[in-house]
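*Asks:* Following our numbering, the numbering of the sequence shown begins with 16 at its first residue and continues without gaps.
I'd like to ask some things about the structure below.
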Amino acid sequence: MKDYILEICVDSVESAVAAKRGGAVRLELCQDLIVGGTTPGVKLFEAVKRETRLPVHVLIRPRFGDFCYSNFEKSQMKEEVQMFRELGADGIVIGMLSPDGSLDRTGMEQLLEERGSMTVTLHRAFDVCRDPMETLATAKELGIDTILTSGQKDACLEGADLLAGLQKESGGQICIQAGGGITLEHLKLLYQKTGIRAYHMSAKQAVNSRMEYRNSKVHMGLKEFSEYTLFRTSEETVRQAAEILKRL
């Protein structure tokens with residue numbers, strides 16, 4: 016496949032470096048990937064840019080949870096878009112929904128006012144919107160560059176029919192990027208089913224902490240998550256994904 020996009024979502028410098036070594040075309044940078052990602056810190060962004068020199072698209076998401084934001088959160092997000100533009104981010108990854116499940120057009124427009132020359136991706140808020148084709152049309156009108164979506168399913172392969180429909184309806188005006196539950200085994204089949212050329216993966220693997228002393232009686236957060244298991248991008252998985260896409 017020529018001109019494919021393999022974007023790797025990372026939340027650490029270690030993962031960013033592994034993604035670059037594996038052959039990622041660009042990075043989506045966030046923090047707290049284990050809960051779907053939140054806005055990264057400035058120093059993490061600066062370190063990732065310095066160590067990789069890859070295009071970095073920054074997730075702007077103030078918290079875990081849904082995408083219906085308060086005025087305080089919207090103000091914070093707007094300032095963060097401005098800040099990352101000034102810091103040299105290549106793109107932003109955003110999404111807001113109204114209570115009725117439609118795209119929050121006013122809120123999105125306020126963020127887009129600060130975009131400058133950065134590209135804009137509508138993230139997987141799209142996957143929980145009420146009407147995907149209506150939202151696609153609104154995204155076109157707003158001048159959004161990319162929609163990141165799993166086809167409104169937990170995994171892209173399950174949402175392949177909608178992905179194919181979105182790819183056709185996009186008419187080349189907006190990039191449809193498949194992301195969500197993608198494995199190496201899915202890439203060829205997804206391309207055959209949808210014709211999509213842009214893919215988003217975390218390629219993460221569980222890594223055992225270097226801690227030797229462990230107190231299992233204390234949890235820093237949810238008990239379901241072990242403090243002694245880290246999640247990092249697998250350089251080898253990224254390399255294999257890039258090779259698969261090159262061969263298509």
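Note that the Cβ used here is the ideal one computed from N, Cα and C, for glycine as well.
Could you tell me the alpha carbon to alpha carbon distance between Asp115 and Leu157, rounded to whole angstroms?
*Replies:* C-alpha separation (whole angstroms): 19 Å.
*Asks:* By DSSP's criteria, Thr53 is part of a beta bridge. Which residues make up the other side?
*Replies:* BP columns for Thr53 point to Gln46.
*Asks:* Based on Cα-Cα distance, which residue from Ile109, Glu128, Ala154 and Met123 lies nearest to His138?
*Replies:* Checked all of Ile109, Glu128, Ala154 and Met123; the closest Cα to His138 is Ile109.
*Asks:* Spatial neighbours of Thr153 within its chain, please: C-beta separation below 7 Å, excluding the five flanking residues on both sides.
*Replies:* Excluding positions up to five away in sequence, the list reads Leu118 and Arg120.
*Asks:* Expressed to the nearest angstrom, what Euclidean distance is found between the alpha-carbon atoms of Thr53 and Leu204?
*Replies:* Answer to the nearest angstrom: the Cα atoms are 30 Å apart.
*Asks:* Looking at Phe82 and Ala140, is the spacing between their C-beta atoms short of 7 Å?
*Replies:* Going by C-beta atoms, Ala140 is nearer than 7 Å to Phe82.
*Asks:* What does the Cβ neighbour count give for Glu124, buried or exposed, with the cut at 16 atoms within 10 Å?
*Replies:* Glu124 should be labelled exposed.
*Asks:* Restricting to Cα atoms, I'd like to know which of Asp160, Ala256, Gly187 and Ser224 is closest to Thr244.
*Replies:* Nearest of Asp160, Ala256, Gly187 and Ser224 to Thr244, Cα basis: Ser224.
*Asks:* Comparing alpha-carbon positions, which option in Pro147, Arg130, Glu43 and Glu88 lies nearest Glu22?
*Replies:* Among Pro147, Arg130, Glu43 and Glu88, the Cα nearest to that of Glu22 is on Glu43.
*Asks:* Considering only their Cβ atoms, is the gap separating Gly37 from Val253 smaller than 7 Å?
*Replies:* For Val253 and Gly37, yes; Cβs fall inside 7 Å.
*Asks:* Give the DSSP-derived three-state secondary structure of Val63 in the structure shown.
*Replies:* Helix at Val63.
*Asks:* Within a Cβ cutoff of 7 Å, which residues of the same chain sit near Ala170, ignoring the five residues on either side of it in sequence?
*Replies:* Counting only Cβ-Cβ distances below 7 Å, and skipping sequence neighbours, we find Gly195 and Gly196.
*Asks:* If you pair each beta-carbon of the segment 99-108 with each one of the segment 77-91, do three or more pairs fall below 8 Å?
*Replies:* These segments do not touch.
*Asks:* Report yes if the CB atom of Gln192 is closer than 7 Å to the CB atom of Leu163, and no otherwise.
*Replies:* Closer than 7 Å, so yes.
*Asks:* Quick one: which unbroken beta strand (DSSP E) runs of 3-plus residues sit fully inside the segment 93-146? Chain order, please.
*Replies:* Segments of the beta strand (DSSP E) lying fully in the segment 93-146: 106-109 and 134-137.
*Asks:* Assuming Asp134 and Gly106 make a contact with CB atoms under 8 Å, what is their CB distance in whole Å?
*Replies:* Asp is not the amino acid found at residue 134; the sequence shown has Thr there. That belief holds up - the Cβ atoms of Thr134 and Gly106 are roughly 4 Å apart, short of 8 Å.
*Asks:* Since Phe246 sits in a beta bridge, which residues does DSSP pair it with?
*Replies:* DSSP lists Ala221 as partners of Phe246.
*Asks:* Around the C-beta of Gly122, are 16 or more other C-beta atoms found within 10 angstroms, so that it is buried, or is it exposed?
*Replies:* Buried, since its Cβ has 16 or more Cβ neighbours within 10 Å.
*Asks:* Grab me the residues of Gly56's own chain with a C-beta within less than 8 Å of its C-beta, minus the 5 sequence neighbours each way, in chain order.
*Replies:* Closer than 8 Å at Cβ, skipping near neighbours: Gln46.
*Asks:* Can you have a look at Tyr228 and say buried or exposed, based on whether 16 or more other CB atoms are within 10 angstroms of its CB?
*Replies:* Label assigned to Tyr228: exposed.
*Asks:* If you drop the 5 nearest sequence neighbours on each side, which residues of the same chain put their C-beta closer than 6 Å to that of Ile20?
*Replies:* Cβ within range, chain order: Val40 and Ala213.
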